[in-house]
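Chemist: Sharing a structure here in C-alpha cells format.
Below is the structure:
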C-alpha cells in the first residue's frame with residue numbers, strides 16, 4: 016500500500032516536473048519570437064539571428080536575456096536626442112557673391128535700419144526713420160510785436176528709403192518728409208546712384224549740394240548743434256536738382272554737380288524746368304584727407320575710439336544769370352561763391368572752421384559778402400556728454416542776398432555766439448541737445464529752423480534757447 020502510494024506520488028511529481036519544463040520551453044519560444052520581431056522591426060544588421068534552442072534550457076534562457084538587453088540598448092541608441100530649450104540664434108547675413116540658398120531670416124533684419132534683401136545682394140531695401148522734437152524760446156527787442164515767442168514743434172519726421180536694384184552698383188535714395196508748419200508730405204530728396212568699377216560715382220535727382228558747404232552736405236541727423244547755423248542759412252546753396260559726378264581715392268576726392276541753381280529742389284519752390292533760379296549752375300569741390308578715415312568725415316562729432324583725422328575742403332559755386340525770366344526773383348540772379356573749410360578730430364575732440372565769399376554777377380550790382388564760422392566740441396564723458404561752442408560772423412555788404420529782389424539791411428555786420436551740450440544715450444540714434452544762442456547785431460531775416468526771427472529795424476540783441484530730443488532708427 017505504501018509502495019503504491021509512493022509510486023502514485025512519483026507519478027504526480029513526474030507530471031509536475033514535465034509541466035514545468037514544457038512551460039519554460041514555451042516561454043523561451045515566445046521570447047525568441049518577440050526578439051525576432053523586434054530585430055526585423057528595427058533592422059539591426061549587426062545583430063545575429065537567434066540561435067537554435069539547445070537541450071540546456073537554463074543556458075538558453077540566459078542567452079535570451081542577453082539578446083534582449085542588446086536589443087534594448089540598440090533601440091535606445093537609434094532614438095533622436097532630446098533638444099534642450101535655449102535662445103534662438105539668427106543666421107548671419109548672406110555673404111559672398113553667390114551664396115547657397117538661405118532661409119528668409121538671413122536676409123531680413125536690422126542693421127542701422129530695417130533691411131530686406133536677396134541673398135545675392137542684387138536687390139536690397141533699407142528703411143530708416145527720424146524724429147526730431149524741439150522747443151524754442153526767443154527773446155528780442157521790439158516796439159510793436161511780442162518780445163517773447165516760445166513753443167514746441169515736430170521739426171522733422173522723415174522716412175528714408177535706400178538700397179540697390181539689379182546690382183549693388185545701381186542704388187537709390189529718397190526721403191519722404193512732412194512740413195514742420197502744415198504737416199503736408201513731400202519728397203525732400205530723391206536720387207539714383209551708379210558706381211562704376213573704377214570708383215567713379217554718378218548721381219541724378221534732387222539732393223543736398225555735396226559740392227559746396229560741408230554743413231549742408233552733412234545730414235541734419237548728424238549735426239553738432241540742434242540745427243545748422245544761421246551762417247548756413249545765408250550762404251548755403253540748399254537742396255538742388257541736377258546730376259553729379261564724383262570720385263574718392265585714398266587721400267582725396269572731387270565732386271562736380273551740374274544743377275538748376277540755389278534751392279532749386281527746396282520744398283516751397285515751384286520746381287518745373289522753367290521756374291528754376293538759373294538755366295545752369297555748377298558746384299565743385301575737392302576734399303583732401305591728411306590723416307584718418309573718410310568715415311570720420313560724415314559728422315561733426317569725434318568719438319573717443321576714433322583716431323586723429325584732418326581734412327581740407329576747397330569749393331566753389333557758380334550760377335549763370337538769366338535774362339527776362341518769367342519769375343522776377345530769378346531775373347539776372349547770377350553769382351559766384353567760394354569756400355574753404357578745415358576739419359580736425361581726435362579721440363573725442365572736434366574742431367571745424369569755414370570761410371565763404373559770395374559776389375554778385377548782376378550788371379551794375381557791386382555786392383561782395385563774406386562769412387566765417389567755427390565750432391569746437393569735446394566729449395567730457397566719453398560716448399555721452401559733449402559740450403560745444405560755435406561762433407558766426409557775417410558781412411552782408413548792405414543787402415541780405417545778391418541778384419534781383421534783394422532787401423537792404425540796416426547793419427551789414429552780424430555776430431552770433433552759441434553754447435550747448437549734447438547727451439548721447441545711443442550715439443546719434445538717441446540724443447538730447449540743449450543750446451543757447453545770442454545775436455549781438457540785428458537779424459535781417461527770419462530763419463525758423465534756427466530759432467532766429469527778423470528784428471525790427473535798428474533793434475539787436477536777440478537770444479534763442481532751443482532744445483531737441485532726437486530718435487534716429
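In the working numbering, the protein residues as written are 16 to 488. Beta carbons are placed, not taken as given, at the ideal position from N, Cα and C, and that holds for glycine. What you are looking at is a predicted structure, and each value in this text was computed from that prediction instead of being measured.
1) Is DSSP giving residue 375 helix, strand or coil here?
2) Residues in the same chain with beta-carbon distance under 8 Å from residue 413, minus the five sequence neighbours each way, listed in chain order, please.
3) Going by C-alpha distance, which of 132, 348, 411 is nearest residue 379?
4) How should residue 133 be labelled, buried or exposed, when 16 other C-beta atoms within 10 angstroms of its C-beta is the threshold for buried?
5) Can you check whether the CB of residue 206 is closer than 8 Å to the CB of residue 217?
6) Ordered along the chain, which non-local residues of its own chain (more than five positions away) have a Cβ less than 7 Å from that of residue 438?
7) Between the region 301 to 318 and the region 356 to 367, can you find at least three pairs of beta-carbon atoms closer than 8 Å?
8) Once you ignore the five residues that flank residue 173 on each side, which residues in its own chain have a CB closer than 7 Å to its CB?
9) Does DSSP put residue 156 in a helix, in a strand, or in coil?
10) Just curious, the beta strand (DSSP E) that residue 256 is in, first and last residue?
11) On the DSSP letters alone, give me the boundaries of the alpha helix (DSSP H) that residue 246 sits inside.
12) Is it true that the region 450 to 466 meets the region 230 to 250, where meeting means three or more beta-carbon pairs spaced less than 8 Å apart?
13) Is the beta carbon of residue 183 less than 8 Å from the beta carbon of residue 247?
14) Taking buried to mean at least 16 other C-beta atoms within 10 Å of its own C-beta, is residue 473 buried or exposed?
15) Note the first and the last residue of the continuous alpha helix (DSSP H) segment covering residue 230.
16) Go ahead and pull the three-state DSSP assignment for residue 53.
17) For residue 327 versus residue 357, is the C-beta spacing smaller than 8 Å?
18) From residue 274 to residue 335, what distance separates their C-alpha atoms?
19) Any idea what DSSP makes of residue 134, helix, strand or coil?
20) List the endpoints of the continuous beta strand (DSSP E) containing residue 124.
21) Please state if the CB of residue 443 and the CB of residue 149 are separated by a distance shorter than 8 Å.
22) Run the CB neighbour count on residue 459, radius 10 Å, all protein chains shown included, and call it buried at 16 or more, exposed below.
Modeler: Taking the coordinates as given:
1) Within the chain shown, the letter at position 360 stands for residue 375. Three-state DSSP puts residue 375 in a strand.
2) By 1-based counting over the chain shown, the position of residue 413 is 398. Same-chain partners within the cutoff: 382, 423, 424, 427.
3) Along the chain shown, one-based indexing puts residue 379 at 364. Ranking 132, 348, 411 by Cα distance to residue 379 puts 348 first.
4) In the chain shown, counting from the first residue as 1, residue 133 sits at position 118. With fewer than 16 Cβ atoms within 10 Å of its Cβ, residue 133 is classed as exposed.
5) Counted from its first residue, the chain shown places residue 217 at position 202. Counted from its first residue, the chain shown places residue 206 at position 191. For residue 217 and residue 206, no; Cβs fall outside 8 Å.
6) What you label residue 438 is simply residue 423 of the chain shown in a count that begins at 1. Contacts found: 399, 400, 446, 447.
7) With a cut-off of 8 Å, the region 301 to 318 and the region 356 to 367 count as touching, because enough Cβ pairs lie within range.
8) Within the chain shown, the letter at position 158 stands for residue 173. Hits under 7 Å: 145, 190, 191, 192, 203.
9) Position 141 of the chain shown, counted from the first residue, corresponds to residue 156. Coil.
10) Numbered from its first residue, the chain shown carries residue 256 at position 241. Segment 254 to 263, the beta strand (DSSP E) holding residue 256.
11) Taking the first residue of the chain shown as 1, we reach residue 246 at position 231. Looking at the DSSP string, the run of the alpha helix (DSSP H) that includes residue 246 is 245 to 250.
12) yes
13) Residue numbering aside, residue 183 sits at position 168 when the chain shown is read from its first letter. Residue numbering aside, residue 247 sits at position 232 when the chain shown is read from its first letter. No, the pair does not count as a contact, with Cβ atoms beyond the cut-off.
14) Locating residue 473 in the chain shown gives position 458, where the first residue counts as 1. Residue 473 is exposed by the Cβ-count criterion.
15) Here residue 230 corresponds to residue number 215 of the chain shown, with the count starting at 1. That run of the alpha helix (DSSP H) goes 229 to 232.
16) Position 38 of the chain shown, counting from 1, holds the residue named residue 53. Confidence in residue 53 is poor, its pLDDT being 46 and thus under 50, which makes the residue's placement unreliable; the coordinate value appears in the next sentence. Residue state, collapsed to three classes: helix.
17) Here the question's residue 327 lines up with position 312 in the chain shown. Here the question's residue 357 lines up with position 342 in the chain shown. Contact: yes.
18) Here residue 274 refers to the residue found at position 259 when the chain shown is read from its first residue. Here residue 335 refers to the residue found at position 320 when the chain shown is read from its first residue. Roughly 11 Å between the two C-alpha positions.
19) Taking the first residue of the chain shown as 1, we reach residue 134 at position 119. Reduced to three states, the DSSP call for residue 134 is coil.
20) For the purposes of this step, residue 124 is identified with residue 109 of the chain shown, where counting begins at 1. That run of the beta strand (DSSP E) goes 123 to 125.
21) For the purposes of this step, residue 149 is taken as residue 134 along the chain shown, with counting starting at 1. For the purposes of this step, residue 443 is taken as residue 428 along the chain shown, with counting starting at 1. Not closer than 8 Å, so no.
22) Residue numbering aside, residue 459 sits at position 444 when the chain shown is read from its first letter. So residue 459 ends up on the buried side.
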